[in-house]
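Here is the structure we will look at, set down as structure tokens.
There are 2 protein chains.
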Amino acid sequence: MSNSKEWILFRVNLSNKEVLKESILGEDVEMYLGGRVLGAKMLYKELPAAIDPLSPENKLFISAGPLTGTTTPSTGRYVIQTKSPQTGLYLSTLSGGHFGPALRRAGCDMLIVEGVSEAPVYLLMGKDDIEIREASHLWGMTTGDTQALIKEELKDAETGIACIGPAGERKVPFAAVINERRAAGRGGAGAVMGSKNLKALAVKGGQTLEPVHPKAFQDAIRHMYRDINSHAVIAESFRLYGSHSAFSALTAGGIIPWRNWQDGTSPNAEALFPENWRDQFVVKDIRCASPCNFNCGKLTLARKGPHAGVISDGPDYETVYSFGASCDITDFSAIIEADALCDAYGLDTISMGLSIAFAMECFERGIIGKDITDGMELRFGSSRLLRPLIHATAYREGFGQWLSMGTRKMSEQFGRGSAAFAMQVKGMEIGGYDPRGAKSVALIYACGPRGGCHKSNGSANAQSRMELQSGDTRYSTEGKALVTKKQGDRRMISDSATFCIFAHGAISDEATVAALNAFTGLDYSVEGLYQMGERGSNLERMFNVREGLTRKWDTLPDRLLRQNPANGPNIHQVVELETLIDDYYTLCGWDLETGIPRREKLEELGLGWL
Amino acid sequence: MSNSKEWILFRVNLSNKEVLKESILGEDVEMYLGGRVLGAKMLYKELPAAIDPLSPENKLFISAGPLTGTTTPSTGRYVIQTKSPQTGLYLSTLSGGHFGPALRRAGCDMLIVEGVSEAPVYLLMGKDDIEIREASHLWGMTTGDTQALIKEELKDAETGIACIGPAGERKVPFAAVINERRAAGRGGAGAVMGSKNLKALAVKGGQTLEPVHPKAFQDAIRHMYRDINSHAVIAESFRLYGSHSAFSALTAGGIIPWRNWQDGTSPNAEALFPENWRDQFVVKDIRCASPCNFNCGKLTLARKGPHAGVISDGPDYETVYSFGASCDITDFSAIIEADALCDAYGLDTISMGLSIAFAMECFERGIIGKDITDGMELRFGSSRLLRPLIHATAYREGFGQWLSMGTRKMSEQFGRGSAAFAMQVKGMEIGGYDPRGAKSVALIYACGPRGGCHKSNGSANAQSRMELQSGDTRYSTEGKALVTKKQGDRRMISDSATFCIFAHGAISDEATVAALNAFTGLDYSVEGLYQMGERGSNLERMFNVREGLTRKWDTLPDRLLRQNPANGPNIHQVVELETLIDDYYTLCGWDLETGIPRREKLEELGLGWL
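So the protein lines, in turn, are chains W and V.
Position 318 of the first sequence, counted from 1, bears residue number 317 in numbering that gives the first Met the number 0, the numbering being contiguous throughout.
Position 107 of the second sequence, counted from 1, bears residue number 106 in numbering that gives the first Met the number 0, the numbering being contiguous throughout.
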């Protein structure tokens with residue numbers, strides 16, 4: 000375990016049932032830190048180019064970071080890395096909760112799963128031990144039932160469990176991995192687990208983790224709490240509303256797109272404001288297993304009407320965007336149910352909601368008809384349709400066979416100009432921040448390593464809020480590359496340590512370095528840590544380059560490049576993407592024509608071996 | 000704890016938050032044994048006549064018996080006793096699983112809940128200690144979520160939890176109490192909990208229970224296992240199919256009523272046969288916390304179609320009868336979902352299924368129309384309607400306001416002769432064994448203490464199977480009173496000890512007495528134990544007499560008295576009820592005119608004090 004300069008890896012081959020324990024020592028520890036950056040390196044090294052993401056050749060790298068499971072605040076996350084069946088490119092996807100800390104406390108920094116099992120199995124990890132267990136009885140179950148059944152079998156409520164639902168079993172390309180009521184949602188890691196007949200990972204983590212330098216570690220933690228408590232957004236808004244906190248302000252700025260990104264606002268937006276939500280639906284504040292003093296998890300409950308009796312953890316901001324604003328649905332109970340169903344079936348809420356919103360626009364424009372929608376009138380605002388549509392997608396039945404393709408493939412099949420409003424980049428549906436009103440967000444979507452994601456390359460949430468506070472400069476392209484590059488590299492640090500990105504947004508670089516050094520005995524400087532982050536960004540980029548990525552892949556849906564929002568404060572805006580990308584590539588040291596990292600940049604980062 | 004001649008009672012008053020510990024010693028222990036019979040006595044003594052079952056004056060008596068939680072096989076049950084909001088009469092309702100053993104192992108033989116809490120609460124019982132905990136965040140949740148949340152809060156997967164869902168909160172008169180995926184289903188104990196703002200009972204039971212005479216106790220247990228293993232039905236059929244095991248044989252005998260008891264068979268019956276069910280839906284055999292060697296719990300999973308992803312424990316025979324045969328639905332996935340929804344919302348499956356079947360018949364006969372059914376075409380066989388109908392009932396929304404009344408009240412409101420086919424006795428919908436084909440069952444329904452129940456007074460399942468094996472004598476009224484009286488008194492023993500009635504059907508009286516005496520130090524004879532059972536039967540009868548019961552209440556729906564099944568082997572049969580009742584009252588020592596136990600009988604049983 001990496002409380003000194005050593006990482007412990009467990010490698011499980013599901014084809015031949017072999018379990019190996021390995022360790023990584025020496026320079027690699029300082030070069031790649033752990034978590035996401037280490038995983039990016041492993042992924043690059045171990046996966047041949049051009050493999051089918053759903054073939055036995057693909058692997059899963061499931062990591063905790065050097066601070067996960069320690070007493071450092073808000074470090075409850077784990078990272079899954081694999082080749083994405085949704086984009087065919089690099090994928091890292093993270094989730095908070097209890098699984099990450101349990102993994103680390105079981106003495107495992109990274110679990111690597113290879114091959115494919117003949118029959119359904121789950122892995123049970125205890126201290127220094129992994130058992131491959133029969134899971135035929137769990138195959139077909141929702142993620143909630145799967146977790147409950149495993150806990151019943153183990154007679155242990157504290158087991159950390161990450162699992163897939165029916166969508167992952169059916170290899171829906173945006174199938175999520177679910178732990179508790181949280182998701183490692185994006186990019187289809189659930190489908191990769193499904194392709195391996197791997198239903199779940201269960202971890203009993205009983206060890207305590209000791210820092211190398213206890214006194215310095217305690218000081219760093221105190222510093223972090225001071226940072227968090229003095230950060231208004233985290234200490235106040237997040238405590239009450241979690242990630243949904245910015246909805247009202249983002250509405251005022253026209254950042255939240257409605258009706259599949261046709262509109263920049265809605266007369267009904269207020270129904271989705273976080274204040275109403277907290278009053279009427281939130282029943283309990285919950286948190287990850289790591290220490291946290293703002294508890295962003297919001298357990299919600301629908302109390303009446305057709306969706307009554309459903310609970311979910313959230314819905315978080317992105318889910319309110321995807322099922323609410325994008326589908327023009329303002330019945331919060333319906334959104335809670337959609338969120339809960341996506342968790343139960345193991346589906347990414349953003350891709351699911353956007354796929355439905357895209358289909359709604361296609362239906363309203365007459366591009367598709369009731370002949371393929373199982374007779375459903377697929378109109379914006381149809382809250383009663385969410386349940387059958389999500390169910391059909393998870394099971395790939397009826398119209399769900401279309402929806403489960405996602406927006407890119409649907410638009411290729413539907414044709415008739417629908418690609419212009421398939422709101423995806425590289426096959427991944429984009430997050431809920433309109434770059435026409437906050438230009439730095441365009442780079443996050445266009446150049447992010449895992450496709451149109453709002454947070455794998457910086458933070459669309461933080462950057463939108465920041466841009467809104469700076470008046471009209473939010474419409475300018477100037478300086479946008481710099482902030483995105485810096486936030487992108489910093490994100491690498493967060494996801495490697497692993498920090499909750501909300502908390503880490505408040506924590507200073509100095510406290511970050513102090514905690515990492517004190518816990519691990521390493522000797523990072525702030526600059527060195529950022530360079531480690533940049534190393535990760537380039538590793539991920541190179542993975543995608545090897546898969547064929549060039550500059551022309553770094554783009555946005557036509558709607559954002561050529562069309563104005565129909566209403567709201569940004570009605571005169573489009574995204575000037577090429578200018579932004581020129582600046583960004585230049586800063587990154589990537590070739591302006593191809594988008595490929597220059598050899599000098601790679602060598603500067605110690606990545607000459609690529 | 001009653002491993003000697005003492006019972007420990009905890010009394011919780013939710014109005015003033017007072018918790019008292021009491022004990023019962025001496026003669027009462029031998030007179031009333033524990034569990035159901037003790038509860039019947041307490042209920043009679045502590046509840047004034049004519050109280051409103053949903054008022055603060057009603058109480059809940061929740062008991063384990065002297066063998067519950069011990070190593071005696073199949074003694075995992077607990078009993079809830081109260082005044083029923085469905086019948087306005089005596090109610091006992093039992094469930095297996097982990098709650099009963101946990102209660103006993105927490106050192107509690109009986110928990111008495113009185114009064115009403117202002118805000119929602121749950122009770123947490125540890126060893127010799129009860130805490131009244133805030134439960135506002137759980138109010139509105141399904142029973143599955145409620146149990147999961149409490150286990151998360153307590154960080155203990157082994158806590159025994161019994162709780163209510165939205166139906167109990169809304170005081171639906173057939174709201175169940177649910178523990179795990181099992182129900183203390185009949186008669187509305189869930190509504191009584193709801194009326195008290197009591198969401199759940201959670202018990203951490205850590206103690207081990209020691210017999211007074213260990214050697215004799217071990218001998219008795221060995222004897223019991225020999226009995227069980229040599230009993231073909233239990234050792235073979237139940238092991239594979241649980242309570243659903245007799246479905247094929249009962250179909251052949253025309254015992255299973257279809258389409259709200261209009262038909263005695265169906266050309267589609269085979270779709271519901273247990274062999275198909277086990278092949279396609281059962282994923283795991285499960286059992287109570289007590290030792291059991293046949294594991295009648297069958298975890299089922301719907302794998303495809305609109306109900307896919309739903310699991311339930313069962314459905315047991317009665318649920319297949321109520322949602323399957325009664326509603327003419329042969330899609331097993333839909334029945335699994337109906338079962339799971341009833342568990343989730345806390346509804347009795349028999350009353351729910353029969354209420355829907357009754358409404359379907361009313362709709363098909365034109366007695367009700369789409370104006371009150373929320374536009375639904377309420378026809379037999381409409382499997383897609385089960386979900387919205389059950390949801391509406393639990394939440395008392397739309398047509399659910401009608402369904403939640405149950406068949407008796409609906410028929411009073413609908414009129415037009417519908418009372419003749421409201422398949423209930425004293426307000427409780429009857430079980431799935433047609434007394435026209437097994438006459439002893441008529442007495443079980445007509446004279447049972449809790450209304451038209453199939454098992455509170457004997458066992459309709461066991462008696463139907465027995466009658467089927469005896470040829471045409473099943474149509475005779477002769478000897479039917481005797482078997483019902485004997486089985487009724489024996490049931491008192493099972494429910495007091497507490498035994499699983501399936502296992503106890505195989506266990507001899509000698510082994511029963513031996514185990515009870517060895518564990519408690521009491522000195523029962525077989526006759527003495529049956530007299531204790533008869534004492535219980537008369538106590539319950541007297542409770543109902545005090546509420547106004549007379550002979551004319553001991554009746555059956557007109558359909559059974561005057562109408563033949565439309566098809567099947569029993570097409571010439573009706574029930575000759577008055578002859579049966581004359582015999583039964585005579586055997587019981589009850590007045591032929593009034594149905595009231597005679598003074599001599601009560602004095603013979605030591606119940607002169609009534």
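Don't be surprised by glycine CBs; every beta carbon is placed ideally from N, CA and C.
Please read all numbers here as calculations on a predicted model, not as lab measurements.
Residue i classed as buried or exposed, judged by whether at least 16 other C-beta atoms fall within 10 angstroms
i, result
"S633 (chain W)", "The first residue shown for chain W is 0 and the last is 609, placing residue 633 (chain W) beyond what the model contains."
"Q400 (chain V)", "exposed"
"N537 (chain W)", "buried"
"N516 (chain W)", "buried"
"N228 (chain W)", "exposed"
"Q279 (chain W)", "exposed"
CB contact flag (residue i, residue j, <8 Å)
i, j, result
"T92 (chain W)", "A183 (chain W)", "yes"
"K198 (chain V)", "P266 (chain V)", "no"
"V36 (chain W)", "L521 (chain W)", "no"
"H136 (chain V)", "K303 (chain W)", "no"
"D312 (chain V)", "I285 (chain V)", "yes"
"G447 (chain W)", "Q486 (chain W)", "no"
"R103 (chain V)", "T67 (chain V)", "yes"
"M427 (chain V)", "G164 (chain V)", "no"
"A514 (chain W)", "T71 (chain W)", "yes"
Inter-residue spacing [alpha-carbon to alpha-carbon] between residue i and residue j
i, j, result
"G450 (chain V)", "D342 (chain W)", "42 Å"
"E602 (chain V)", "L88 (chain V)", "23 Å"
"F134 (chain V)", "E179 (chain W)", "Checking the sequence shown, residue 134 (chain V) turns out to be Ala, not Phe. Distance between the alpha carbons of A134 (chain V) and E179 (chain W): 21 Å."
"L586 (chain W)", "A445 (chain W)", "16 Å"
"Q562 (chain W)", "R464 (chain W)", "23 Å"
"A248 (chain W)", "L8 (chain V)", "57 Å"
"R258 (chain V)", "R395 (chain V)", "24 Å"
"T476 (chain V)", "Y432 (chain V)", "16 Å"
"G25 (chain V)", "I220 (chain V)", "26 Å"
"R462 (chain V)", "R540 (chain V)", "Sequence check: residue 462 (chain V) is Gln here, not Arg. Cα-Cα distance, rounded: 22 Å."
"N57 (chain V)", "E113 (chain V)", "7 Å"
"G33 (chain W)", "S507 (chain W)", "20 Å"
"S289 (chain W)", "G308 (chain W)", "29 Å"
"D581 (chain V)", "C326 (chain V)", "34 Å"
"G193 (chain W)", "R181 (chain W)", "18 Å"
"M109 (chain V)", "E130 (chain W)", "42 Å"
Collapsed DSSP secondary structure at residue i in the structure displayed
i, result
"W260 (chain W)", "coil"
"N228 (chain W)", "helix"
"E396 (chain W)", "coil"
"T158 (chain V)", "coil"
"E539 (chain W)", "helix"
"T585 (chain W)", "helix"
"E533 (chain V)", "helix"
"Y240 (chain V)", "helix"
Contacting residues, own chain, Cβ-Cβ under 6 Å from residue i (five flanking each side not counted)
i, result
"Y529 (chain W)", "D488"
"A268 (chain V)", "T250"
"G323 (chain V)", "L271 and I334"
"L340 (chain W)", "I389"
Residues near residue i by beta carbon distance below 8 Å, same chain, minus five either side
i, result
"R277 (chain V)", "L239, Y240 and K297"
"D155 (chain W)", "K203"
"F413 (chain W)", "C361, I366 and I367"
Residues of its chain near residue i, where Cβ-Cβ distance is below 7 Å and the 5 sequence neighbours each way are ignored
i, result
"G252 (chain W)", "G436, L467 and P568"
"T549 (chain W)", "T593 and G594"
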